[in-house]
Each structure stands twice: as C-alpha cells, then as structure tokens.
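Enquirer: Sequence positions in the sequence shown follow my numbering and run -16 to 92.
Got a structure here, written out as structure tokens. Questions coming.
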Amino acid sequence: MAKGTKDMAFELFAKGSSVKQVAATISRAPGTTWRYLAEFIETRRPQRLNPWVDQETYRTVADAVKDVGAAYLKPIFEHLGGKVPYEQIRLVVAHLNVTCDASAAKRDM
C-alpha cells in the first residue's frame, strides 16, 4: 500500500499541490509527505520548486550552499540563522543536486 500512497503523492506534487494538501489527501504525517516530496524532486526533476519554495528562499539557500557546501543540512540551516526550515533546505539541496547532475551530463555528451 505504501507504494500506491507514494504514487498518489507524486501525482499530486506533479500538479503543484502543497505539502499540507497532499498530507491530508494521502493521510500521512507532514514529515512523511516532505520526504515524499524530496524523493519526487530527486526522481522526477521538476524545473522549478515554486509550489513549495519561493524564489527568494531558493536563491538564499543556493547561496548558502555555495558558502558552506551541501554535504550536511545543519551548516546551511545555521548559516541562514535558522530562518529557513530544514524541509525547504532539503528540497533546494535535492533540486540543486539533480539540476547540477543534469547540467554535467549534458556537458559530457
């Protein structure tokens, strides 16, 4: 059943549904739903994270990643003074990882 639930969550994320909406629809805790969203980003590679992270927050986290790296989330969180939730940091890092991988793959072709 978990796979069906995750598939349903992925379909909702593909339509731009919020974490709160998806959590309510699939009857899962917000923490589980955030993890599903991170996995959605890693596997489906959406072009933008606008439904879940605004552009300003995205740029702020991306700049922090340039300064402190992306190996661990805590240094990013602390660099940002605790102003950006771990969930959003995790999404931006996942997105940066997949978009950098895609750019590198295109260069290698």
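Virtual Cβ for every residue (Gly too), placed ideally from N, Cα, C.
1. Measuring only the C-alpha atoms, how far is Q71 from Y41?
2. Can you have a look at L55 and say buried or exposed, based on whether 16 or more other CB atoms are within 10 angstroms of its CB?
3. Determine the DSSP secondary structure at P68, reduced to helix, strand or coil.
4. For G(-1), tell me which candidate among N80, R73, D37 has the shortest Cα-Cα distance.
5. Check whether the region 24 to 33 and the region 48 to 66 are in contact - that is, three or more C-beta pairs closer than 8 Å.
6. Hey, is T82's beta-carbon within less than 8 Å of any beta-carbon in chain B?
7. Which parts of the region 1 to 44 are runs of the alpha helix (DSSP H), unbroken and 4 residues or longer, counting only runs that do not cross its ends?
8. On a CA-only basis, which of L32, A47, P68 is nearest H78? Give me that one, please.
Expert: Taking the definition as stated:
1. 8 Å
2. A small fix is needed here, since residue 55 is Tyr in this sequence, not Leu. It is exposed - the Cβ of Y55 has fewer than 16 other Cβ atoms within 10 Å.
3. coil
4. D37
5. no
6. No chain B appears in this structure, which consists of one protein chain only.
7. 2 to 9, 13 to 27
8. L32
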